[in-house]
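This report refers to the structure that appears directly beneath it.
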């Protein structure tokens, strides 16, 4: 039998039952021995309870999505079984606690049922918390994992310098063995998971928000002010714990309005300043962002997108803030937007955003999404040296300086230094004094937009550019689309690939290449097809594949729809004699 190269496990139940803990523990154990892993978690917007599930994908090659079909479903309650059973592949295994509920329908012919009283077995170890280890022991046995994988993880994870470490490790090991025995007794197997091939580069296991925060610190952020809001809160808590040292300051504000005005003050004072929020908080920052655009103050706002509008879906993923990110303020304003597509890109997106803010002297938006923020993945250890630090040009001349004269970026005075000026939210003259003269408004508007041109040198990906149809994902849907693209390449589909995390402004060379395509397909998680419509503003024939379920795309849906669109284009071209 050919060894499996991919393994997908979902843990489903009520919030607080340990699904996320189990999923992330399995991922950490797999990553520790050299597998590629990715998790996905979705839960309701409440502190405890509510339907929750977490998924772990383990692969011998880099994981690009969280996986379409399940090999194993661990149902913590009957509702989880009913909701998720249809996503098990034929021959998949369903683990349930027979002490909690029974399965009256037998699960159907294609599902292998394993009644595992893991809570009682966990208690039998002397540590009820070992119940998750019972589950993991069973899951590992179904793919013939060596005992050493989870045993070594157990020792490493729970040896923490506490008096009862040895007891915890021993109970967990007992739980692993009880789970393994139960799996063996069931007689079911999924086949052996191929051994890992550890990469020849250093990796780290990290979540998207932590990666972004680490990138910001590497990018030498000095001031961070934030207000808690899902799914951005962990950026604030990470900064509170880690942004330390001389000249660094973090605090939790009383509102998003205070956050944006505080970092505007920091940027005005010469500090690399940043905040994080989600859609509702970003809406509150609208006027402050318009002010920073008008005053030309460097700052960075991270918008971790969630389902909207209004309160919407606070703990689900969506890509529906792009319009708002580019044009958050009233009047003529267009902000730079960087939207990372992977956990690794989150690190570099933060560094680039701080650099962009300094270079063009204005606000920059980093557009993340819930799928990225909560995902745990092992990635190549980021190298900060790949993004050299850029700093604003500081004015060092004499007083009487006309800070806002000229049609692009000019040196920026720092309070306490020469060149005093007024940072004014009203239209202003060269020194910042308010004016309503028509020509001044013309000059100021053109200056602010002209500054964006110095950001047009961004990088982008392109493959198989000879084809007349292209696919171009953005943000967190890069991974599922990339996996779909690789599958279509194996099937011989004629399709080009384009991608960039630098959405505004787009590189003119990229725009030109896309204009030459007959069709550009844009998978995105929103109703309006926002990025596709932005591409159409550049005279690109872009069509969106949209989804707005609060969940990421499934790879096979993308394969099916994109392939059909390519074939339809080929048929139409043949009929037209092209």
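Numbering (my numbering), first residue to last: 29 to 606.
Positions of the beta carbon are idealized from the N, C-alpha and C atoms, including for glycine.
#1: In the DSSP assignment, find the alpha helix (DSSP H) that holds residue 358 and state where it starts and stops.
#2: If you run the structure through DSSP and keep just helix, strand and coil, what is residue 384?
#3: For the region 501 to 513 against the region 548 to 567, are there 3 or more C-beta pairs whose distance is under 8 Å?
#4: I need the boundaries of the beta strand (DSSP E) containing residue 614, first residue and last residue.
#5: Expressed to the nearest angstrom, what Euclidean distance is found between the alpha-carbon atoms of residue 281 and residue 594?
#6: Take residue 186 as the anchor and find which of 456, 289, 434 and 53 has the nearest alpha-carbon.
#7: Hey, out of 87, 472 and 330, whose CA is closest to residue 220's CA?
#8: My understanding is that residue 402 touches residue 582, with C-beta atoms under 8 Å, so please give their C-beta distance in whole angstroms.
#9: Return the CA-CA distance between residue 408 and residue 434, expressed in angstroms with no decimal places.
#10: According to DSSP, is residue 545 helix, strand or coil?
#11: At the level of alpha carbons, what is the spacing between residue 145 and residue 556?
#12: Within 10 angstroms of its Cβ, does residue 183 collect 16 or more other Cβ (buried), or is it exposed?
#13: Put residue 299 into one of helix, strand or coil per three-state DSSP.
#14: Starting from the C-beta of residue 242, find all residues in its chain whose C-beta is less than 7 Å away, skip the five residues before and the five after it, and write them out in chain order.
#15: Within 10 angstroms of the Cβ of residue 31, are there 16 or more other Cβ atoms? Answer buried if so, exposed if not.
#16: Taking the DSSP output, what are the residues bridged to residue 67?
#17: State the beta-bridge partners of residue 32 as determined by DSSP.
#18: Three-state secondary structure (DSSP) at residue 571?
#19: If distances are taken between C-alpha atoms only, which option among 440, 445 and 590 comes closest to residue 14?
#20: Measuring straight from C-alpha to C-alpha, what distance separates residue 244 and residue 588?
#21: Use the C-beta contact count for residue 149: other C-beta atoms within 10 angstroms, 16 or more gives buried, fewer gives exposed.
#22: Is it buried or exposed for residue 487, if we count other Cβ within 10 angstroms and need 16 for buried?
#23: Whose CA, out of 93, 209, 428 and 417, lies closest to the CA of residue 460?
#24: Residue ranges of each alpha helix (DSSP H) run of no fewer than 4 residues wholly in the region 445 to 502, ordered along the chain?
#25: When DSSP labels each residue in this structure, what does residue 116 get in the three-state scheme?
#26: Measuring CB to CB, does residue 112 end up less than 7 Å from residue 90?
#27: Assign residue 109 to one of three DSSP states: helix, strand, or coil.
#28: Are the region 374 to 390 and the region 412 to 432 touching by the rule of at least three beta carbon pairs closer than 8 Å?
#29: Distance, Cα to Cα, residue 227 vs residue 57?
#30: What residue from 143, 440 and 574 has the CA that sits closest to residue 390's CA?
#31: If contacts are defined as beta-carbon pairs under 8 Å, then residue 246 and residue 466 qualify, I think. What distance do you get, rounded to the angstrom?
#32: Helix, strand or coil for residue 376? Go by DSSP, reduced to three states.
#33: Could you spell out the range, first to last residue, of the beta strand (DSSP E) harbouring residue 404?
#34: Rounded to whole angstroms, what's the CA-CA distance from residue 568 to residue 543? Just pull it up for me.
#35: Check whether the region 150 to 169 and the region 199 to 212 are in contact - that is, three or more C-beta pairs closer than 8 Å.
#36: Would you check if the distance between the CB atom of residue 16 and the CB atom of residue 526 is smaller than 7 Å?
In this structure, then:
#1: By 1-based counting over the chain shown, the position of residue 358 is 330. No alpha helix (DSSP H) holds residue 358; DSSP gives it neither H nor E.
#2: Residue 384 sits at position 356 when you count from the first residue of the chain shown. If DSSP states are grouped into helix, strand and coil, residue 384 belongs with the helices.
#3: Contact holds: three or more Cβ-Cβ distances are below 8 Å.
#4: With the chain covering only 29 through 606, there is no way to say anything about residue 614.
#5: By 1-based counting over the chain shown, the position of residue 281 is 253. By 1-based counting over the chain shown, the position of residue 594 is 566. Whole-angstrom Cα-Cα distance: 50 Å.
#6: The sequence position of residue 186 within the chain shown is 158, counting from 1. It is 53.
#7: Here residue 220 refers to the residue found at position 192 of the chain shown. Selected option, being the one with the closest Cα: 87.
#8: Residue mapping note: residue 402 aligns to position 374 of the chain shown, counting from 1. Residue mapping note: residue 582 aligns to position 554 of the chain shown, counting from 1. Contact between residue 402 and residue 582 is absent: CB atoms are separated by about 18 Å, not below the 8 Å threshold.
#9: If you number the chain shown from 1, residue 408 lands on position 380. If you number the chain shown from 1, residue 434 lands on position 406. Rounded to the nearest angstrom, the two C-alpha atoms are 43 Å apart.
#10: Locating residue 545 in the chain shown gives position 517, where the first residue counts as 1. In the structure shown, residue 545 sits in coil (DSSP, three-state: anything other than H, G, I, E or B).
#11: Here the question's residue 145 lines up with position 117 in the chain shown. Here the question's residue 556 lines up with position 528 in the chain shown. Distance between the alpha carbons of residue 145 and residue 556: 47 Å.
#12: Here residue 183 corresponds to residue number 155 of the chain shown, with the count starting at 1. By the neighbour-count rule (16 or more Cβ atoms within 10 Å), residue 183 is not buried but exposed.
#13: Walking along the chain shown from the start, residue 299 turns up at place 271. Residue 299 falls in the coil class under three-state DSSP.
#14: Reading the chain shown from its first residue, position 214 is the one you call residue 242. Excluding five sequence positions before and after residue 242, the CB atoms of its chain that fall closer than 7 Å to its own CB belong to 375, given in chain order.
#15: By 1-based counting over the chain shown, the position of residue 31 is 3. With fewer than 16 Cβ atoms within 10 Å of its Cβ, residue 31 is classed as exposed.
#16: Within the chain shown, numbered from 1, the residue matching residue 67 stands at position 39. Within the DSSP secondary-structure output, residue 67 pairs in a beta bridge with 84.
#17: One-based indexing of the chain shown puts residue 32 at position 4. Residue pairing by DSSP places residue 32 opposite 221 in a beta bridge.
#18: Walking along the chain shown from the start, residue 571 turns up at place 543. Residue state, collapsed to three classes: strand.
#19: Lying outside 29 to 606, the shown extent of the chain, residue 14 is not represented and no answer is given.
#20: Residue mapping note: residue 244 aligns to position 216 of the chain shown, counting from 1. Residue mapping note: residue 588 aligns to position 560 of the chain shown, counting from 1. Using only the alpha carbons, I get a separation of about 38 Å.
#21: In the chain shown, the residue the question calls residue 149 occupies position 121. Result: buried.
#22: Sequence index remark: in the chain shown, residue 487 carries index 459 (1-based). Its Cβ having fewer than 16 others within 10 Å, residue 487 is exposed.
#23: To locate residue 460, count along the chain shown from 1; it is residue 432. Per the Cα distances, 428.
#24: Within the region 445 to 502, the complete alpha helix (DSSP H) runs of at least 4 residues are 466 to 478.
#25: Against the chain shown, residue 116 aligns to sequence position 88. The answer is strand: DSSP assigns residue 116 an E or B state.
#26: Taking the first residue of the chain shown as 1, we reach residue 112 at position 84. Taking the first residue of the chain shown as 1, we reach residue 90 at position 62. Going by C-beta atoms, residue 112 is not nearer than 7 Å to residue 90.
#27: Residue 109 sits at position 81 when you count from the first residue of the chain shown. In the structure shown, residue 109 falls within a helical segment according to DSSP collapsed to helix, strand and coil.
#28: Touching, per the Cβ criterion.
#29: Here residue 227 refers to the residue found at position 199 when the chain shown is read from its first residue. Here residue 57 refers to the residue found at position 29 when the chain shown is read from its first residue. Residue 227 and residue 57 have their C-alpha atoms some 16 Å from each other.
#30: On the chain shown, position 362 is the one that residue 390 refers to. Scanning 143, 440 and 574 for the CA closest to the CA of residue 390 turns up 440.
#31: Position 218 of the chain shown holds residue 246. Position 438 of the chain shown holds residue 466. Rounded, the Cβ-Cβ distance is 45 Å, inconsistent with contact.
#32: Reading the chain shown from its first residue, position 348 is the one you call residue 376. Note: residue 376 maps to helix in three-state DSSP.
#33: As a working mapping, residue 404 is identified with position 376 in the chain shown. Its beta strand (DSSP E) spans residues 404 to 408.
#34: Locating residue 568 in the chain shown gives position 540, where the first residue counts as 1. Locating residue 543 in the chain shown gives position 515, where the first residue counts as 1. Cα-Cα distance, rounded: 5 Å.
#35: These segments touch.
#36: Past the boundaries of the shown model lies residue 16; the chain is included only from 29 to 606, so the question cannot be answered.
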